[in-house]
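K.L.:
I'd like to ask you about the structure that follows.
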Amino acid sequence: MKRKRKTFLALTLRRSIPRPQGGFTTRILGNHKGSVKFLLPPETRVDLSKDSIYVNGNRLSKKLPPKFYFALNKPKGYICSNGEESKSVVSLIDDYWKIWSKANHGVPRPRLFTVGRLDVATTGLIIVTNDGDFAQRISHPSSNFTKEYIANIEGVVHRRHLISISEGTEVDGVHCVPDSVELLSAQADAPRPRLRIVVHEGRNHEVRELIKNSGLQLHSLKRVRIGGFRLPSDLGLGKYVELKEADLKLLGMRVQSSV
Numbered sequence: 142m143k144r145k146r147k148t149f150l151a152l153t154l155r156r157s158i159p160r161p162q163g164g165f166t167t168r169i170l171g172n173h174k175g176s177v178k179f180l181l182p183p184e185t186r187v188d189l190s191k192d193s194i195y196v197n198g199n200r201l202s203k204k205l206p207p208k209f210y211f212a213l214n215k216p217k218g219y220i221c222s223n224g225e226e227s228k229s230v231v232s233l234i235d236d237y238w239k240i241w242s243k244a245n246h247g248v249p250r251p252r253l254f255t256v257g258r259l260d261v262a263t264t265g266l267i268i269v270t271n272d273g274d275f276a277q278r279i280s281h282p283s284s285n286f287t288k289e290y291i292a293n294i295e296g297v298v299h300r301r302h303l304i305s306i307s308e309g310t311e312v313d314g315v316h317c318v319p320d321s322v323e324l325l326s327a328q329a330d331a332p333r334p335r336l337r338i339v340v341h342e343g344r345n346h347e348v349r350e351l352i353k354n355s356g357l358q359l360h361s362l363k364r365v366r367i368g369g370f371r372l373p374s375d376l377g378l379g380k381y382v383e384l385k386e387a388d389l390k391l392l393g394m395r396v397q398s399s400v
């Protein structure tokens with residue numbers, strides 16, 4: 142017999158949220174204690190199976206938002222921050238929530254965050270979600286997910302450069318060795334030499350350090366794959382796509398069949 146799980150909600154009134162004049166009037170109606178009114182201080186835990194929550198006289202919906210999964214083509218200059226910066230990666234999905242909020246009135250907007258990070262100058266694939274367990278599975282070293290990058294290089298690439306990159310370099314006190322490094326064939330629309338570098342640890346600035354240590358000068362860096370999921374070739378910079386079940390499977394998620 143399955144045990145019924147209780148759902149709790151922790152509410153915090155953040156200082157950054159504009160407050161109406163006079164502040165918030167917040168209370169809980171605890172059904173298990175009758176219609177008793179309680180003031181709701183920050184960080185209060187609420188049992189949604191028993192309690193009703195009101196803010197300024199408006200009852201909040203007990204519906205929790207579902208899990209969301211997006212693949213986004215990060216532009217240069219955007220940061221992988223969960224804050225309220227205007228040039229955060231998460232802000233690129235704001236248009237989606239305007240439509241979603243109208244269709245799901247009263248349901249709290251989910252708190253999105255990026256799975257891992259790309260530095261401000263790196264472009265390409267970043268996963269955005271509100272599923273912490275999913276993010277942890279992908280980010281944890283035990284997942285052994287490889288990440289593929291395309292590096293555009295200034296100048297000529299010689300064999301010695303490839304050997305140096307393949308031998309690895311020290312990052313944060315750890316010797317990091319890439320899974321593979323390959324000089325790609327020249328293309329008419331890509332005048333600079335291009336390297337394909339695959340890593341599995343993904344330490345901070347690892348690919349940049351590998352290239353720098355080899356003596357090469359990096360022009361630009363783009364991530365094109367995480368695990369089995371590849372950035373769609375037709376997804377423009379700053380654009381996103383909602384991931385389907387097949388995509389999530391490529392990222393290691395066990396998706397239950399509806400049959």
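When we follow the numbering used here, the leftmost residue of the sequence shown carries the number 142, and every step to the right adds one. In this text, a Cβ means the ideal position worked out from N, Cα and C, and glycines have one as well. Treat the numbers as computed from the prediction; the structure is a model and nothing was measured.
(1) In chain order, what residues of the same chain have a beta carbon less than 6 Å from the beta carbon of Val-312, not counting five sequence neighbours either side?
(2) Tell me which residue opens and which closes the beta strand (DSSP E) that Ala-327 is part of.
(3) Report the CB separation of Arg-218 from Val-256 in whole angstroms; it is logged as a contact under 8 Å.
(4) So, for Ser-222: in the same chain, excluding its five sequence neighbours on each side, which residues have a beta-carbon less than 6 Å away from its beta-carbon?
(5) Quick check: Ile-291 and Leu-336, are their CB atoms within less than 9 Å of each other?
(6) Rounded to whole angstroms, what is the Cα-Cα separation between Val-340 and Val-318?
(7) Should Glu-289 be labelled buried (16 or more other beta-carbon atoms within 10 Å of its own) or exposed?
(8) Who does Ser-283 pair with in a DSSP beta bridge?
(9) Mind checking which residues open and close the beta strand (DSSP E) that includes Arg-123?
(10) What does the alpha-carbon distance come out to for the pair Arg-364 and Phe-370?
(11) So that I know if they touch, is there some Cβ in chain B lying closer than 9 Å to that of Arg-300?
(12) Check for me: the alpha helix (DSSP H) holding Arg-258 runs from which residue to which?
(13) According to DSSP, what are the bridge partners of Ala-212?
(14) Taking DSSP as the reference, what is the three-state secondary structure of His-302?
(15) According to DSSP, Asn-293 sits in a beta bridge with which residue or residues?
(16) Just to confirm the assignment, what range does the alpha helix (DSSP H) spanning Glu-347 have?
P.N.:
In short:
(1) The residues Arg-344, Glu-347, Glu-350, in chain order, have a CB closer than 6 Å to that of Val-312 in the same chain once the five nearest residues on each side in sequence are set aside.
(2) DSSP places Ala-327 outside any beta strand (DSSP E), giving it a letter other than H or E.
(3) Per the sequence shown, residue 218 should be read as Gly rather than Arg. 20 Å between Cβ atoms; not a contact.
(4) Correct list, in chain order: Ser-229.
(5) The answer is yes: Cβ separation under 9 Å.
(6) Distance between Val-340 and Val-318, taken at the CA atoms: about 8 Å.
(7) Buried, by the Cβ-count rule.
(8) Paired residue(s): none; Ser-283 is not in a bridge.
(9) Past the edges of the chain, shown from 142 to 400, lies residue 123, and the structure says nothing about it.
(10) Rounded to the nearest angstrom, the gap between the Cα atoms of Arg-364 and Phe-370 is 11 Å.
(11) Absent here is chain B; the protein component of the structure consists of one chain.
(12) Where Arg-258 is concerned, there is no enclosing alpha helix (DSSP H), because DSSP gives it neither an H nor an E.
(13) According to DSSP, Ala-212 bridges with Ile-268, Val-382.
(14) The answer is helix: DSSP assigns His-302 an H, G or I state.
(15) Residue pairing of Asn-293 in beta bridges, as defined by DSSP: Arg-335, Ser-361.
(16) Note, Glu-347: alpha helix (DSSP H), 347-355.
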